[in-house]
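Single-structure report; data block below.
There are 2 protein chains.
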Amino acid sequence: MTNPSSVGIVTAQKAVFDQPIALSSGVTLPRYELMYETYGTLNENRSNAILICHALSGHHHVAGRYEETDKNPGWWDNMIGPGKPIDTNRFFVIGLNNLGGCHGSTGPSSIDPETGTPYGSRFPLVLVRDWVETQARLADMLGIHQFAAVIGGSLGGMQALRWTITYPQRVRHALVIASAPKLTAQNIAFNDVARQAILTDPDFHGGDFYAHNTVPRRGLRLARMLGHITYLSDDGMGEKFGRLLRSGEYRYSYEVEFEIESYLRYQGDKFSDMFDANTYLLMTKALDYFDPARHYGGNLAVALKDALAKFLVISFTSDWRFAPERSREIVKALLDARKHVSYAEIESAHGHDAFLMEDAPYHNIMRAYMNRVAAEVSA
Amino acid sequence: MTNPSSVGIVTAQKAVFDQPIALSSGVTLPRYELMYETYGTLNENRSNAILICHALSGHHHVAGRYEETDKNPGWWDNMIGPGKPIDTNRFFVIGLNNLGGCHGSTGPSSIDPETGTPYGSRFPLVLVRDWVETQARLADMLGIHQFAAVIGGSLGGMQALRWTITYPQRVRHALVIASAPKLTAQNIAFNDVARQAILTDPDFHGGDFYAHNTVPRRGLRLARMLGHITYLSDDGMGEKFGRLLRSGEYRYSYEVEFEIESYLRYQGDKFSDMFDANTYLLMTKALDYFDPARHYGGNLAVALKDALAKFLVISFTSDWRFAPERSREIVKALLDARKHVSYAEIESAHGHDAFLMEDAPYHNIMRAYMNRVAAEVSA
């Protein structure tokens, strides 16, 4: 039975780019591929395209299912589909796996055509502005000059923000959700502990673990466990797990004692089985380096001065990884730069993860805003 | 030149206990030793003794120096000494290294007399109430029936609180600083990531790394880096490090890029050179298990109903590891149980670490309270 609010069965596509790209790190990649998916139909004047930018562990499979029997749909299926806030009856929605990813786009685990072996440690670091560049080339390939909206949460929100600075003419709306204008020292510190866990895992082999037929599972598991704590709120964790014991009694050992330990270890195990450690490292570095105001004397309003987009900024009250204060910094800079900006601070106990979850006030705001975006498209 | 506000040169002492102790975990230790130090003079009626309980990585060297040339004094030297808030001209102050520690008291790295090798994985878990029991035996040995005050910060505050429940007659005042009545799910989660870092380090060898002539340095380093983030506040880290770069420019590598990374890695390296991994594990488990209300239907006021001590509870505004809310839970329970309690919430940017730092409002409150304690002693 088909679900009328789902985009249904989808197929991933591969875009091949034979033009070299000069990355911010100084390295040039001679060629690369990007995996992407699209939902909905591009209208005649190509004005209804939406780009969805993913966060640390995301990818191009944003909505729908590959097969009827798939247990899980794409990662933002609750937001995107016929009649959903990002309505595929009206918009042509594109999701992609960023350069450096591990879901089919060219990344550290891809085969380097020059050597016939995985890039591993030879894969360059990729910055948010590099992603914007590759996304623009994908848009060119699809014949899209201007996006109706670029939308992202967390690291994805940073890409949406960067789009409005690099390509002001190509973005009509930017939706920057649960994001920040740059990381704090504490954010960087958590990222560095996660990286050190991977980098010092004896199975990492300097990034070339593929050749050793192993993966730095321990390090990646720890990185994910730690990350997961920062995605949830203290209160949310308290409500869900509290001090609940696995067996009802203290057993006085280092085995799982509290349910929260079981949950975290499970999340870590699952993630370390499916995600590439080099991609994880690369994504955390992209987060650390993001600081669009840096070349404008630290003044974000000046960095945004040429932006033409209208903005929707959304934060969640219990998000302490990218707290509402950080979204308000973006809003203040936009106001200082005299841009159109709407801001919503959503009451939520779900911490940073709230941006991925179905929540009526959040989805209502997204829906209302996207209705405005759609009205402009048809006008 | 001697510093008139220092306790001066001190010497650690060893107390040997040949009576077995039955621990909460069900294991009995046939004998054990505790390292301790004392400052000041026990008065004739033995009524001026103060017990200082240490936190996760603390020990018996609380004040003074072992040699004139020692770079660093004991860990709470700013609080304890002649004329200091805990005034050694008036009090006889005892610091000890808890059972399970790695600073000379019997712990996992000690030689098990039965085997002639370090206990390692054979060393039992030790709970807060076990520490209180061993501390009471140390008091017996020193001829102290009742403490003028039991004082501790963080995990040390939990011991002070436990003292008032287990031995109501033996504590006149309990000073519970930057502590909590029990850990939250988030606290436990951070501890578990730290433990998993150690437990999954290939050099851990199930806790018996001593026999392999190695230490799980990587795991302990990660645990300390992570711990350190939770001891500092987001704002404090921001003020001290912000996004300061090591070399002034992005270098696009996994080497130290931001100063905060350099600081954290240094802290991790230093700690992993000097601390025992099994002790670290044991201390985090004592934190997790602490929950004095557990045997009283979860009602801390009922747990405290027989306490005879007067209480001073102190918290610090930017402490998110043991937030002021957690101290207020203790205060509320004490009020519900109709106990004498004073409470101070100190404005500070230093996070959990604030309890160890010199700060005028904090030290003034400690001094004023300890003056009251001293007045009772001389009365």
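So the sequence lines, in the order shown, correspond to chains A and B.
According to the numbering used here, the residues represented by the first sequence are 1 to 379, in order.
According to the numbering used here, the residues represented by the second sequence are 380 to 758, in order.
Every residue, glycine too, gets a C-beta built ideally from N, C-alpha and C.
Residue i versus the options, residue with shortest Cα-Cα distance
i, options, result
"S558 of chain B", "B:D732, B:S757, B:P383", "B:D732"
"I523 of chain B", "B:N424, B:D652, B:A716", "B:N424"
"L623 of chain B", "B:F637, B:I400, B:G532", "B:F637"
"V27 of chain A", "A:V126, A:A344, A:S47, A:L334", "A:V126"
"L601 of chain B", "B:I530, B:R644, B:T593", "B:R644"
"L161 of chain A", "A:E33, A:E358, A:V331", "A:V331"
"E493 of chain B", "B:M537, B:Y411, B:N592, B:D715", "B:Y411"
"Y343 of chain A", "A:A333, A:R328, A:H350, A:L356", "A:R328"
"Q514 of chain B", "B:H742, B:F396, B:N427, B:D715", "B:F396"
"S384 of chain B", "B:P452, B:P399, B:A428, B:Q398", "B:P452"
"H482 of chain B", "B:L430, B:D449, B:L413", "B:L413"
"N3 of chain A", "A:A375, A:T69, A:A323, A:G58", "A:T69"
"N48 of chain A", "A:K14, A:L142, A:K71", "A:L142"
"A201 of chain A", "A:F190, A:L220, A:K310", "The question names Ala, but residue 201 of chain A is Asp in the sequence shown. Here the closest residue by C-alpha is A:L220."
"R321 of chain A", "A:L335, A:L308, A:G268, A:N187", "A:N187"
"Q646 of chain B", "B:Y631, B:Y610, B:Y629", "B:Y610"
"T166 of chain A", "A:I50, A:A333, A:A309, A:R251", "A:A309"
"L51 of chain A", "A:W163, A:G107, A:V128", "A:W163"
"S484 of chain B", "B:V720, B:A686, B:A753, B:T658", "B:T658"
"V302 of chain A", "A:G120, A:P85, A:K339, A:R122", "A:K339"
"T284 of chain A", "A:I86, A:P20, A:L23, A:G101", "A:G101"
"Q398 of chain B", "B:D519, B:V550, B:G437", "B:D519"
"Y252 of chain A", "B:Q392, B:L402, B:A394, B:A391", "B:L402"
"L562 of chain B", "B:A753, B:A391, B:E704, B:N750", "B:E704"
"P30 of chain A", "A:A189, A:A374, A:D112, A:G298", "A:D112"
"G606 of chain B", "A:Q13, A:R367, A:D269, A:A189", "A:A189"
Extent of the continuous alpha helix (DSSP H) to which residue i belongs
i, result
"E329 of chain A", "324-336"
"Y362 of chain A", "360-378"
"A394 of chain B", "Note, A394 of chain B: premise wrong, no alpha helix (DSSP H); beta strand (DSSP E) at 392-396."
"V132 of chain A", "128-141"
"I523 of chain B", "No alpha helix (DSSP H) contains I523 of chain B, which DSSP labels as neither H nor E."
"M357 of chain A", "Taken as a continuous stretch (DSSP letters only), M357 of chain A belongs to no alpha helix (DSSP H), as it is neither H nor E."
"D614 of chain B", "613-619"
"H228 of chain A", "217-231"
C-beta atoms of residue i and residue j nearer than 8 Å
i, j, result
"A185 of chain A", "I639 of chain B", "yes"
"R65 of chain A", "I9 of chain A", "yes"
"A665 of chain B", "I577 of chain B", "no"
"P560 of chain B", "L435 of chain B", "no"
"I608 of chain B", "V193 of chain A", "yes"
"Y418 of chain B", "L517 of chain B", "no"
"S404 of chain B", "P503 of chain B", "yes"
"Q196 of chain A", "M604 of chain B", "yes"
"R596 of chain B", "S651 of chain B", "yes"
"N477 of chain B", "W510 of chain B", "yes"
"A333 of chain A", "L356 of chain A", "no"
"D698 of chain B", "G730 of chain B", "yes"
"G536 of chain B", "H433 of chain B", "no"
"H742 of chain B", "P464 of chain B", "yes"
"L282 of chain A", "P168 of chain A", "no"
"G81 of chain A", "V7 of chain A", "yes"
Boundaries of the beta strand (DSSP E) in which residue i is found, first to last residue
i, result
"V635 of chain B", "Note, V635 of chain B: premise wrong, no beta strand (DSSP E); not H, not E."
"A349 of chain A", "Counting along the chain, A349 of chain A falls outside any beta strand (DSSP E), and DSSP gives it neither H nor E."
"H552 of chain B", "552-556"
"G153 of chain A", "149-153"
"L34 of chain A", "32-39"
"K689 of chain B", "689-695"
Open item on the list: List, from N- to C-terminal side, the alpha helix (DSSP H) runs of 4 residues or more that fit wholly inside the stretch 263-308 of chain A.
Closed with: Qualifying alpha helix (DSSP H) stretches, in chain order: 277-289, 300-303.
TODO: Spell out a yes or no on whether the stretch 575-593 of chain B and the stretch 542-555 of chain B are touching, meaning 3 or more CB-CB pairs, one atom from each, closer than 8 Å.
DONE: No, the stretch 575-593 of chain B is not in contact with the stretch 542-555 of chain B.
- [ ] Just list the beta strand (DSSP E) runs in the stretch 52-107 of chain A, keeping only unbroken ones of 3 residues or longer that don't cross its boundaries, in chain order.
- [x] Runs of the beta strand (DSSP E) spanning 3 or more residues and lying entirely within the stretch 52-107 of chain A occur at 92-96, in chain order.
Open item on the list: Check whether the stretch 608-627 of chain B and the stretch 670-680 of chain B are in contact - that is, three or more C-beta pairs closer than 8 Å.
Closed with: no
Open item on the list: If contact is defined by three or more beta carbon pairs under 8 Å, each pair taking one atom from either stretch, is the stretch 451-467 of chain B in contact with the stretch 435-443 of chain B?
Closed with: yes
Task: At least 3 beta-carbon pairs within less than 8 Å: the stretch 507-526 of chain B vs the stretch 692-701 of chain B - done: no
Task: Meets three-Cβ-pair contact criterion under 8 Å: the stretch 90-109 of chain A and the stretch 38-52 of chain A - done: With a cut-off of 8 Å on Cβ pairs, the stretch 90-109 of chain A is in contact with the stretch 38-52 of chain A, counting three or more such pairs.
Open item on the list: In chain order, what are the residue ranges of uninterrupted alpha helix (DSSP H) at least 4 long that sit wholly in the stretch 184-214 of chain A?
Closed with: 185-199
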